[in-house]
Amino acid sequence: MSTIRFANGDEMPLLGLGTWKSKPGEVYEAVKLALEMGYRHLDCAPIYGNEREVGQAVAEAIAAGVLTREELWITSKLWNNAHAPEDVLPALERTLQDLQTPYLDLWLIHWPVAFKPEVVFPETPDGFLSLEAQPLGATWKGMEVVLKAGLARHIGVSNMSPTKLRAIAASATHPPEMNQVERHPYLAQPELVACARELGCHLTAYSPLGSPDRPPGLKAADEPVLLEDPAVVAIAQQRGGSPAQVLLAWSLQRGIAAIPKSVNATRLRQNLDACALQLSPEDLGALDQLDRHRRYVSGDLWAMPGAPYNLASLWDEPAG
Ligand code: A2P
Numbered sequence: 113m114s115t116i117r118f119a120n121g122d123e124m125p126l127l128g129l130g131t132w133k134s135k136p137g138e139v140y141e142a143v144k145l146a147l148e149m150g151y152r153h154l155d156c157a158p159i160y161g162n163e164r165e166v167g168q169a170v171a172e173a174i175a176a177g178v179l180t181r182e183e184l185w186i187t188s189k190l191w192n193n194a195h196a197p198e199d200v201l202p203a204l205e206r207t208l209q210d211l212q213t214p215y216l217d218l219w220l221i222h223w224p225v226a227f228k229p230e231v232v233f234p235e236t237p238d239g240f241l242s243l244e245a246q247p248l249g250a251t252w253k254g255m256e257v258v259l260k261a262g263l264a265r266h267i268g269v270s271n272m273s274p275t276k277l278r279a280i281a282a283s284a285t286h287p288p289e290m291n292q293v294e295r296h297p298y299l300a301q302p303e304l305v306a307c308a309r310e311l312g313c314h315l316t317a318y319s320p321l322g323s324p325d326r327p328p329g330l331k332a333a334d335e336p337v338l339l340e341d342p343a344v345v346a347i348a349q350q351r352g353g354s355p356a357q358v359l360l361a362w363s364l365q366r367g368i369a370a371i372p373k374s375v376n377a378t379r380l381r382q383n384l385d386a387c388a389l390q391l392s393p394e395d396l397g398a399l400d401q402l403d404r405h406r407r408y409v410s411g412d413l414w415a416m417p418g419a420p421y422n423l424a425s426l427w428d429e430p431a432g
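Sequential numbering of the sequence shown, starting at 113, is according to this note's numbering.
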């Protein structure tokens, strides 16, 4: 499988398995199956509520000789209530314990949003801390400590705008090596892609299929269904692939990692096989034309009235 090569020579498989929305009770089987099929990159986070099960599946696969730990790339993320520099290491240690691994390949700041340490998910505005009170630059110093300790081999960020990525990189000793963001043909983010390239930061696309299984509360009534877009469906028919494979190949062929979530054997296989689908330059161009700056993960959970965040400040772009 094609990989992203980091400055130290480490390689991350371009296609990974997403685990957001994979329910406890389902994710164990999905991870075991995926590893047996040949997946070698798992994307995790403590807030997904399933890292223990993922860890159990990984440990059993390693014990059974399916793969070695060194052959697997594991990413996880720092939750919003552990942004104080002194909380970064303990948060990572909990994730390492749950995932049953001595180190992570990649550890990301999950959101440019901070909560009070005792708050897992704010229900009122006073659960938040502003970025003035808890600056991202200070959190990044905590990330650099775990890198130095060898507990995370690479460090990066997630959901960061070009403005925030530049600011963190400018004050860092070790700039972010990855920004994991929502990205698919409806949200191509050319400015962010250019900025990341300029800074030598790699990108991973989350929700590459348009995240159709988000909880109803996170869905807009009128939202377009990416997997059913006529242009995507037409290219899939021409190339003998599925719409999901077309969406994934659009990312992979340009060296941007993608982490589709599935808990279904047929779709896990299909997504892995997207690595072999070849899109023509015309196909890629037609998919680029679909861009409408449509976020499926809007961030409005953090834009509670009275909280120190709104959509304009979250994404550093006009809201709407
Ligand atoms: P399932 O887990 O039942 O396979 P995203 O990665 O953008 O968040 O999308 C995940 C959603 O897309 C899930 O509902 C998942 O369902 C579905 N999905 C995953 N792979 C495919 C595929 N190859 N074709 C259609 N739907 C898919």
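Yeah, the Cβ is synthetic: ideal placement off N, Cα and C, and Gly gets one too.
Item to check | Cβ contact (3+ pairs, closer than 8 Å) linking the stretch 225 to 240 and the stretch 382 to 394 | outcome: no
Next on the checklist: Restricting to runs no shorter than 4 residues, where is the alpha helix (DSSP H) found entirely within the stretch 294 to 379?
Outcome noted: 302 to 311, 342 to 351, 355 to 364
Next on the checklist: Check for me: the alpha helix (DSSP H) holding Trp427 runs from which residue to which?
Outcome noted: 423 to 427
Item to check | Alpha-carbon to alpha-carbon, Arg265 and Leu218 | outcome: 6 Å
Next on the checklist: Any contact between the stretch 327 to 335 and the stretch 376 to 387? By contact I mean 3 or more CB pairs, one from each, below 8 Å.
Outcome noted: no
Checklist entry - Going by C-alpha distance, which of Pro320, Leu277, Val232 is nearest Pro288? => result Leu277
Next on the checklist: Which of the three DSSP states is assigned to Val178 in this structure?
Outcome noted: coil
Checklist entry - Can we say the stretch 179 to 187 touches the stretch 119 to 129, given the rule of at least three CB pairs closer than 8 Å? => result yes
Item to check | Exposure label - Ser114; buried when at least 16 CB within 10 Å | outcome: exposed
Next on the checklist: Using 8 Å as the cut-off, can you tell me whether the stretch 365 to 383 makes contact with the stretch 124 to 139, which would need three or more C-beta pairs spanning the two stretches below that distance?
Outcome noted: yes
Checklist entry - Do you know how far the Cα of Pro158 is from the Cα of Leu360? => result 25 Å
Next on the checklist: Am I right that Pro197 and Ala250 are in contact with their C-beta atoms under 8 Å? What's the rounded C-beta distance?
Outcome noted: 5 Å
Checklist entry - Relative to ligand 1, is the shortest distance from any of its heavy atoms to the C-beta of Leu321 smaller than 6 Å? => result yes
Next on the checklist: Could you check whether the Cβ of Gly411 sits closer than 7 Å to any Cβ belonging to chain D?
Outcome noted: Judged by its chain identifiers, the structure shown contains no chain D, having just a single protein chain.
Checklist entry - From Val232 to Ala346, what does the alpha carbon distance come to, in whole angstroms? => result 43 Å
Checklist entry - Short check: CB of Ala176 to CB of Tyr140, under 7 Å? => result no
Next on the checklist: Please state the DSSP three-state secondary structure of Tyr252.
Outcome noted: The amino acid occupying residue 252 in the given sequence is Trp; Tyr does not appear at that position. Three-state DSSP puts Trp252 in a helix.
Next on the checklist: For Pro136 and Glu172, which I take to be in contact (beta-carbon distance under 8 Å), what is that distance rounded to the nearest angstrom?
Outcome noted: Not quite, the Cβ-Cβ distance comes to about 16 Å (not below 8 Å), so this is no contact.
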